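A.B. asks: The letter at position 62 of the sequence shown is residue 53 when you use the working numbering, and the numbering goes up by one with no holes.
C-beta atoms are modelled at their ideal positions from N, C-alpha and C, and glycine is treated no differently.
Since this is a predicted model, take the numbers as computed values, not measurements.
The structure under discussion is supplied below as structure tokens; questions concerning it will follow.
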Amino acid sequence: SPRLRRFGWASARLDDAVGYPGARLTAALAVLAGPDPRGALRAWRADAHRHPSPNAGPVEAAFAGALGVRLGGTLA
């Protein structure tokens, strides 16, 4: 129902807002502590926005860049 959809939307946005600082801190730690800080920062800036989740994108991109791996695509 539209009422429940609005309720779910609000809770999802609240979850995004609450998780925002922690996600950015985690991505920054990946840049600072990872084996390839430049790669982590480059991947964070280039790829984080491509993830459907505003909080998972920066973390996954920064760790992938720090480790020198590529993530994404479809699994078949």
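Determine the extent of the alpha helix (DSSP H) in which Pro26 is found, giving its start and end residues.
C.D. replies: Careful: Pro26 lies outside any alpha helix (DSSP H) and carries neither H nor E.
A.B. asks: Any idea what DSSP makes of Arg(-6), helix, strand or coil?
C.D. replies: In the structure shown, Arg(-6) sits in a helix (DSSP, three-state: H, G or I).
A.B. asks: Throw me the rounded Cβ distance for the Ala52 and Asp38 pair, which I believe falls under 8 Å.
C.D. replies: 4 Å between Cβ atoms; contact.
A.B. asks: With DSSP collapsed to three states, give me the class of Ser2.
C.D. replies: Helix, per DSSP.
A.B. asks: I believe Ala31 touches Val22 by the beta-carbon criterion, under 8 Å. Please report the beta-carbon distance rounded to the nearest angstrom.
C.D. replies: Contact holds; Cβ gap of about 4 Å.
A.B. asks: Give the single residue among Gly56, Leu62, Val50 whose Cα lies nearest to the Cα of Leu16.
C.D. replies: The option with the nearest alpha carbon to Leu16 is Val50.
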